[in-house]
């Protein structure tokens, strides 16, 4: 491909297609790069290979039937998507869930954040050729899955929350299991940090690579760990606290230069902060009801159903029709593992959502990806793509 | 969307006929093929994360000889489709299948790849067997790692019954 620069110079560029079936692109992203030698002179990114019609599908089901679909948005941390959606619908009902439910949701969110960061970091390191870290992180991740299985039977796509509460309360011995796995997580993070933090090859591959300045990150609409890696102190858990996050003692991890190294390291240190949050939450976990008693949302007890006509009707309506949020528009966001996960729900007062728009965190990050790559080298395609953690499920929906 | 009707390449052994040597050599060849499957993980969605789970040391797919993950279709003989295949993705999948050399096997992992799953939608392929032949289907959304391992064992049994002198697949 011949390109004439503004200076009138003729440059020979080679076009190279990366993906969609490429290990670093998770099978669903495509990059068309114009190469000047090994440097990327310009590139175009493409998405949509995993567009599964999420937003259209969920208009056909009730609010409860949306939950399994939310699992499959960011499938590395399915619990956080469930929690985000339930929190948005609960906001439409203007109810608060019981204290125990809130604390359990905080524990599950933070554990999900940890395993999401683990998958992101270890696959990123595999793309860089550091396979050992993959074993360290996946072994620990499997132990979190054991807790998930004990909680709800599923490993990956949990559908653990319900609107107004949880699918069920935690099992006997949950606290001990979580405390044990936290120790394993700390040890795994420590081991991986030991392998990469001062590793010359790793630093050479990632330091000052695909750096995004704070101003750029804000103008691209970045959120979450990638934004914080660029040096912006923005965390919904601190800035717009929900579920009592303001009462937990934890630090926001902030990078300095916004390069690939910072993005990986922010995630590594966030795991440690999340471990601290889970420990504090476990101390606050007190016995109590897990589901709200609001009759619009939760089923009455069987005893009431058998002896009270109103309760029977209530149970019947909830099972056959589902919950009915009041008509209106609601936007609610949580700090998911990747950044701000927002649900914009429009209700017409019926049992099906009229429209749900998801604000996925990695959509904005992928939008900036072509800009990040321009001027860097071909080998940085894989390393920087891993560090912005694109999950096609929530990117394409 | 139309696909060219390309006949599958025919193994040269097919000309050998059903003699003592070819029938006995089947046992040896099948033993080799079944115990050294090189998978190409065509992972698009959630199931791919579970596939990473079976490659990791807890479930350890190398016990079944299928741990050498190749990302080039020309080096792989087992295509594992893990995840939803959309109409946009379908030509890519078809092309990758055609690039694989014989003998090749296909595992369709999970509800989406096998039937479209609960994405009954304008954009998802209702099962990859619409575009490529499939040897083993795995149920689950996503399938448990045990189910993944079971599918590899099932495929090994299937390979054991195959013969060099039979043409495996024909163009679809």
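Residue numbers (my numbering), protein chains in the order written: chain U, 125 to 521; chain E, 65 to 236. Cβ atoms here follow ideal geometry from the backbone N, Cα and C, with glycine treated the same way. As the structure is a computational prediction, the values presented were derived from the model and not from experiment.
Alpha-carbon to alpha-carbon, residue j and residue i
i: residue 189(U); j: residue 207(U); result: 14 Å
i: residue 271(U); j: residue 509(U); result: 30 Å
i: residue 243(U); j: residue 304(U); result: 20 Å
i: residue 235(E); j: residue 161(E); result: The predicted position of residue 235(E) is uncertain, since its pLDDT is 46 and thus under 50; no value can be drawn from it.
i: residue 224(U); j: residue 419(U); result: 19 Å
i: residue 105(E); j: residue 474(U); result: 42 Å
i: residue 175(E); j: residue 113(E); result: 15 Å
i: residue 308(U); j: residue 264(U); result: 6 Å
i: residue 153(E); j: residue 163(E); result: 16 Å
i: residue 410(U); j: residue 204(E); result: 35 Å
i: residue 476(U); j: residue 209(U); result: 14 Å
i: residue 132(U); j: residue 496(U); result: 26 Å
i: residue 294(U); j: residue 286(U); result: 14 Å
i: residue 179(E); j: residue 199(E); result: 14 Å
i: residue 229(U); j: residue 131(E); result: 36 Å
i: residue 468(U); j: residue 183(U); result: 13 Å
i: residue 494(U); j: residue 257(U); result: 28 Å
i: residue 281(U); j: residue 129(U); result: 50 Å
i: residue 252(U); j: residue 290(U); result: 39 Å
i: residue 297(U); j: residue 165(U); result: 56 Å
i: residue 368(U); j: residue 135(U); result: 58 Å
Residue of the options minimising C-alpha distance to residue i
i: residue 156(E); options: 284(U), 281(U), 277(U), 144(U); result: 144(U)
i: residue 334(U); options: 276(U), 326(U), 385(U); result: 385(U)
i: residue 159(U); options: 232(U), 254(U), 261(U), 127(U); result: 127(U)
i: residue 372(U); options: 307(U), 320(U), 131(U), 234(U); result: 234(U)
i: residue 185(E); options: 192(E), 114(E), 223(E), 150(E); result: 150(E)
i: residue 176(U); options: 109(E), 122(E), 171(E), 119(E); result: 109(E)
i: residue 327(U); options: 493(U), 129(U), 504(U); result: 504(U)
i: residue 357(U); options: 367(U), 343(U), 338(U), 369(U); result: 338(U)
i: residue 207(E); options: 117(E), 222(E), 219(E), 195(E); result: 117(E)
i: residue 246(U); options: 195(U), 178(U), 317(U), 212(U); result: 317(U)
i: residue 149(U); options: 139(U), 172(U), 138(U); result: 172(U)
i: residue 139(E); options: 122(E), 177(E), 125(E), 166(E); result: 166(E)
i: residue 128(E); options: 147(E), 97(E), 135(E), 136(E); result: 97(E)
Sheet register partners of residue i (DSSP bridge)
i: residue 168(U); result: 156(U)
i: residue 103(E); result: 142(E)
i: residue 504(U); result: In DSSP, residue 504(U) forms no bridge with anything.
i: residue 481(U); result: 468(U)
i: residue 286(U); result: 289(U)
i: residue 134(U); result: 128(U)
i: residue 163(U); result: 160(U), 501(U)
i: residue 141(U); result: 156(U)
i: residue 239(E); result: Since the first residue of chain E shown is 65 and the last is 236, residue 239(E) is not available in this structure.
i: residue 452(U); result: 471(U)
i: residue 459(U); result: 464(U)
Beta-carbon neighbours of residue i, restricted to chain U and to distances below 8 Å
i: residue 112(E); result: 150, 151
i: residue 107(E); result: 150, 151
i: residue 198(E); result: Result: empty, since nearest Cβ-Cβ is about 18 Å, beyond 8 Å.
Interface residues of chain A facing residue i [CB-CB closer than 7 Å]
i: residue 206(E); result: Absent from the structure is chain A; the protein chains it does hold are U and E.
Residue i: contacting residues in chain U (beta-carbon distance under 9 Å)
i: residue 160(E); result: 145
i: residue 89(E); result: The contacting residues do not exist; residue 89(E) stays about 34 Å from chain U at best.
Neighbour list for residue i in chain U, Cβ cutoff strictly below 7 Å
i: residue 164(E); result: By Cβ distance, chain U contributes nothing, its closest Cβ being about 12 Å from residue 164(E), past 7 Å.
i: residue 125(E); result: Neighbours of residue 125(E) on chain U: none; closest Cβ ~13 Å, over 7 Å.
i: residue 212(E); result: Under the 7 Å cutoff, chain U gives no residues; its nearest Cβ is about 12 Å from residue 212(E).
i: residue 156(E); result: 144, 145
Proximal chain E residues relative to residue i, where beta-carbon distance stays under 7 Å
i: residue 172(U); result: 152
Contacts of residue i in chain E (Cβ-Cβ under 9 Å)
i: residue 259(U); result: 120, 121
i: residue 248(U); result: Chain E residues near residue 248(U): none, gap ~13 Å exceeds 9 Å.
i: residue 263(U); result: 120, 121, 122
Per-residue burial, residue i [other beta carbons within 10 Å of its own, 16 or more giving buried]
i: residue 481(U); result: exposed
i: residue 347(U); result: buried
i: residue 95(E); result: exposed
i: residue 241(U); result: buried
i: residue 520(U); result: buried
i: residue 433(U); result: exposed
i: residue 478(U); result: exposed
i: residue 417(U); result: exposed
i: residue 375(U); result: exposed
i: residue 427(U); result: exposed
i: residue 324(U); result: exposed
i: residue 268(U); result: buried
i: residue 138(U); result: exposed
Listed by chain order, chain E residues near residue i by CB distance under 8 Å
i: residue 314(U); result: Within 8 Å Cβ-Cβ: nothing; residue 314(U) doesn't reach chain E, min ~19 Å.
i: residue 180(U); result: 185, 186
i: residue 243(U); result: 113, 116
i: residue 516(U); result: 108, 109
i: residue 177(U); result: 183, 185, 186, 187, 188
Check: residue i C-beta below 8 Å from any heavy atom of the ligand NAP
i: residue 350(U); result: Looking at this structure, you won't find the ligand NAP or any other ligand, since it has none at all.
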